[in-house]
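Protein chains in written order, with my numbering: chain A, 812 to 1205; chain B, 812 to 1205; chain C, 7 to 349; chain D, 7 to 349.
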């Protein structure tokens, strides 16, 4: 169907498609396509390729190293690269802290941090959640008190994706314990090599290690590493959450997964099986609806309106649809899915040549895809947001 | 499968089955089986047959005209008669007001009202809901003030099933407006022939007229018609609601509807259609689960424990399962279901001989079955009850 | 991208809504059909070269309002007829007579026929077939059939065309149609071969855009009734819209409505191109129907007892959506077709 | 009615639970298997005349606790073997050696075999077939096959029995098994004709009772974890169990758990009679699996991020339930069988 793309957009789509086809390393593509977990070097290798092309931070202003991409270009870039099997473009630097720095940072902060993101030299991670502050971020208790030109930070952050690979962390810390929960929070940039930081791995149910708990024990952070005003961190955090959600509908990924589903089903002679066809039709319909909802939102953004709760809606549906495709793919494998123990994912076999574990990626992904309905503001929180802001209910 | 029925229960089941097969008039059975709405005389004719056998109020104590049935006998009676196509045994007298009268009524009230229920001579209806008090019964505003030996009742009751056929109504009225909402309510028995009562029909979405709004304009009700204490009506009302819910899992009806579904599908050569078989398997599994949940609850009751939230669970699931069977039956009819306009249900055609409208009962029932998830405490209210009383949550 | 409405399209939407507002047009009436025709809405189905002012999107705007206001008149079959005629011969005089309301013509697709009954016979000199529960055919003078082999224009007055009409579940007149070896003259075969295939594709796209738009209008209206109701209805000391369990269900209804609108847009956009994949059209119809039905059932449930009465248009909405699901060519037909396509 | 547990049954339930409590038995270990055998639990699978103390209900009690405590040892195939042997010859010496743990035997049903591969050949003098992802077969000395034509007792050490073992999604050892023209002596054919059919029926009932009981124990445990968690976890100034939207979802989980228990009871009761309809057994397995999986997914979702970690046994529960769904003979197999039965 035709969404009325402009000639420029069509040309850009072709450019991205050709570039990805030419440059994406086959080994990385294979891992992504099969669902096997990526290592640090896999992410970095692809992002280095993008950095060379200047496409790491395409939607940033040119003055900061971006390409001034329109919203539709960002969408096309994401859809095409993801569909082709490129790794998830890690958002912590590019999508999260980068825009915060160029919007609210000092000139010194911009000069120090933005180039490392654009060149893919610095690996960032995000320090928001805490053991007692999950959906309710305002209750966080990691404290920072002033000591001369420094803050002394003590506490811990949890669910910190890829902290064990990262160079820097951006973190929300409490700088005023007497203020109301959302006041009294500051936004700090912290070098993970600072003394007093320890990182403890958390094993996920699909067997991978991507989550961590990061402990801060009297960690000294220069006051110059604070973004904006002291105690105004909530403002920057909300700005960031807005950016996070816009990107969350993963059309390219859903389409890629549907294709894998179809080919796995065909290999197993299910192409005419009515139960399979009925499930496939339902999932394809869900993806069609998600795609056109995304396009409508993109059209609104292109028309100059900032996305509002529509972003929550895409998060809600996108995470659910991808989750269902991932599960049904395992169902289509049937008993072949059973020949793999996810808890030994990283230790033993990350080796697709073993016949018995050739479907390990599908199994691992089924389990991992329980996460997107939880992270980035759980789907329950998204429903609260939509209820309040789109429906005008409490 | 075998639920371990006692020899006495097995013998009783056979007695009920044989009796129903012999005595249930074919014309009534046909209406029930096809889903066409029944008229007053249909209900009364079958209930007269039961009354003659002494089976109208089998679970009542013998001293009040019942048979002292055990819980399993009541269950067997309900399952067998319903499965065989007997009309719904109207609960307003037998299940609702009757037990209230013999539990809380005066000797005079018992003598005056119980025999008419047991003999099926008096048709009762229920005056609980009001336009502004649906799920929230305690907010009702129909008022009764004392005038000598009488109350003067003014206000209105809504969703009063079959009020247009009834002789008497039992109603909750407010006798003290200063008390807290649940206090200040009294439970009155009101003769529908009293001056000042008007009954206005409400048309339902399946085209039938069974609901009414009953208006009270300075209706004089003798104080002797009050059950129990003034302002203590809430106690009797809750007692009654407990009785209402025990009966709500309709195993016999669900099984009867599944059988009709199978035979309609076979007539249409769908018996090997995989979509049909998958839906049928799902619905049959739901009925199997509902049946054994009901049996477990019955076993508990037989063991002397009063049913608690289990009754809410049966209401929740029973109403949902029957609703889904009713809808899927229409889907199996396909275009044949379209040849009937429910809004003309009562006016024109209640005539199964018309070829085009031979499936009218199925269509009418599909629409009518949207109601059971609403009435008798909506399923949302049932979830609140289970959450509070079974899960210990707020 | 051009997904938002143009100025002309917005004006059309406004004018249709203005006409509907306050008008009780939920019963079929000859006078309302005339009025609709006089307002020129049927011209939304064809382009300027054929005497209209529209295309897929304009037709969808009209159909969305038809759904949202539960207009009883069945415009979709006429839009399908117009689409077939425009594709076959944009200058045909019949087109302007249909747009003006002088003549009613209904378009028929192969998948609307009872199983395997639609057959071209005797070297394309006659046609037979059976159809059930067709809308608006009782008013029609012509039937326009898009078959893959040929595009046909039949007269309802032909002695071998048999019609039986009755009231349907949605309160609209339905007709069973039997074509019993209806002879085909040269004039009645509008096109053959690739041109016929192109006309059939065009008819399918139009049909999909019309049905999904109607679902979209209906679902949005039923949702809005419910949202208004929960804000005004008080229980336990607050509007019931304050209860979180209901809020989350309303959110799921809202999302469903948005997705119906998205699927309807996809179908309407398909009407502007030649190569829309059939399976995507089937998915759009099936998905729009499933979601709209969910909204209708939730609308009744969340209204409680009053939702079960004819005092509100919720039951009518449910009945109408059930018809769009079960009518030949509707959602169930499309789901069956998806089980037969293998890519 | 006798649906509640007898005093002996309650004592069995208590003793099994006592053994499990505090024991970490979520990894397969030879020593735990021995301990289970020494405690005599395998005797719950057969009646006193066969040297046991149980029947369908007693076995279900053990299996429910196996599920609820996520015990890694796979008892179900052994219970199926015992059921077949008891039906064939209640006095067989092998039964007591299995109960005591001296010997492991696993029971196999035709529906566990890969499509159409299970065949009796050469006038019942040999058997061939392929099986995937069998539990506990790596420990077995004997295989007990219930076929409609004959009941077979095979030795795993036969040169034509090929086994390949590996770790499965649920962390348990799984085996692929190939029977390649395994010769049948007179001693290896335990029964034929109607007796074989009766043994197969008995095996199916036992299999259904075991799987549904395991689902029941798992679902109840996962629900209880979640109920405890929402009462203790605070967000936005209150326990998250105070939020009505979560309450209603917990209620639906609770109802699902109750229904799994009901279906498990139906299957266990079927083990006490001869004529349990096969389709009801298939429905019980499919329904228990669907409901338990729903509970497992909701348990993870309502726990939030911590539900995604191996710090809690939720992921393990989901993996285990997914195995019960996909393993040959499990829920998916039963759903396919229901599509083939026509009454």
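Where is the CB? At the ideal position from N, CA and C, for every residue including glycine.
query: Under 8 angstroms (Cβ pairs) to chain A, residues found in the segment 27-38 of chain D; result: none
query: Rounded separation between residue 949(B) and residue 1131(B) - CA only; result: 26 angstroms
query: DSSP state of residue 3(C) mapped onto helix, strand, coil; result: Any question about residue 3(C) goes unanswered here, given that chain C covers just 7 to 349.
query: Rounded separation between residue 227(C) and residue 75(C) - CA only; result: 8 angstroms
query: Alpha-carbon to alpha-carbon, residue 235(C) and residue 17(C); result: 29 angstroms
query: Contact check, residue 936(A) vs residue 903(A), beta carbons under 8 angstroms; result: yes
query: Rounded C-alpha distance that separates residue 1024(B) from residue 1070(A); result: 58 angstroms
query: Within chain C, partners of residue 249(D) - CB distance below 8 angstroms; result: 250
query: Contact check, residue 66(D) vs residue 59(D), beta carbons under 8 angstroms; result: no
query: Rounded straight-line distance, which links the Cα of residue 346(D) to that of residue 1142(A); result: 19 angstroms
query: Inter-stretch contact at 8 angstroms, needing at least 3 Cβ pairs: the segment 267-276 of chain C / the segment 182-202 of chain C; result: no
query: Cβ pair residue 961(A), residue 1006(A) closer than 8 angstroms; result: no
query: Same chain, Cβ closer than 7 angstroms to residue 301(D), five either side skipped, listed in chain order; result: 225, 228, 229, 259, 262 and 263
query: Meets three-Cβ-pair contact criterion under 8 angstroms: the segment 834-843 of chain A and the segment 853-861 of chain A; result: yes
query: Under 7 angstroms (Cβ pairs) to chain A, residues found in the segment 226-245 of chain D; result: 241 and 242
query: Close-in-space but distant-in-sequence residues of the same chain around residue 920(A) (CB under 6 angstroms, 5 per side omitted); result: 912
query: Assumed close pair residue 137(D), residue 114(D) - CB separation to whole angstroms, cut-off 8 angstroms; result: 7 angstroms
query: 8 angstroms Cβ cutoff, residue 187(D) in contact with chain C; result: no
query: Contacting positions in the segment 209-222 of chain D - beta carbon closer than 7 angstroms to chain B; result: none
query: Where residue 816(A) sits in the DSSP three-state scheme; result: coil
query: The beta strand (DSSP E) enclosing residue 938(B), as first and last residue numbers; result: 935-938
query: Contact with chain C by residue 254(D), beta-carbon distance below 8 angstroms; result: yes
query: Where the alpha helix (DSSP H) containing residue 871(A) begins and where it ends; result: No alpha helix (DSSP H) contains residue 871(A), which DSSP labels as neither H nor E.
query: Inter-stretch contact (C-beta, 8 angstroms, three-pair minimum) for the segment 1119-1130 of chain A and the segment 22-38 of chain D; result: no
query: Beta-carbon proximity of residue 1042(B) to residue 1002(B), cut-off 8 angstroms; result: no
query: For residue 867(A) and residue 819(A), the rounded distance between their alpha carbons; result: 20 angstroms
query: Within chain B, the residues that residue 1086(A) reaches when beta carbons sit closer than 7 angstroms; result: 1085 and 1089
query: Beta-carbon proximity list for residue 343(C), same chain, < 7 angstroms, skipping 5 on both sides; result: 117 and 288
query: Near-chain A residues of the segment 309-338 of chain D - C-beta to any C-beta below 8 angstroms; result: 310, 311, 313, 314, 315, 316, 317, 320, 321, 322, 324, 325, 328, 329, 331, 332, 333, 334 and 338
query: For residue 125(C), the three-state DSSP class (helix, strand or coil); result: strand
query: In chain order, each alpha helix (DSSP H) run of at least 4 residues that lies wholly inside the segment 830-872 of chain A; result: 837-845 and 851-864
query: Sub-8 angstroms separation of residue 782(B) and residue 998(B) beta-carbons; result: Residue 782(B) lies beyond the residue range present for chain B, which begins at 812 and ends at 1205; the question has no answer from this structure.
query: Residue-chain proximity (residue 168(D), chain A), Cβ-Cβ < 8 angstroms; result: no
query: For residue 244(D), three-class secondary structure by DSSP; result: strand
query: Status (buried if at least 16 other CB within 10 Å, exposed otherwise) for residue 142(C); result: buried
query: Inter-residue Cα distance where the pair is residue 980(A) and residue 974(A); result: 8 angstroms
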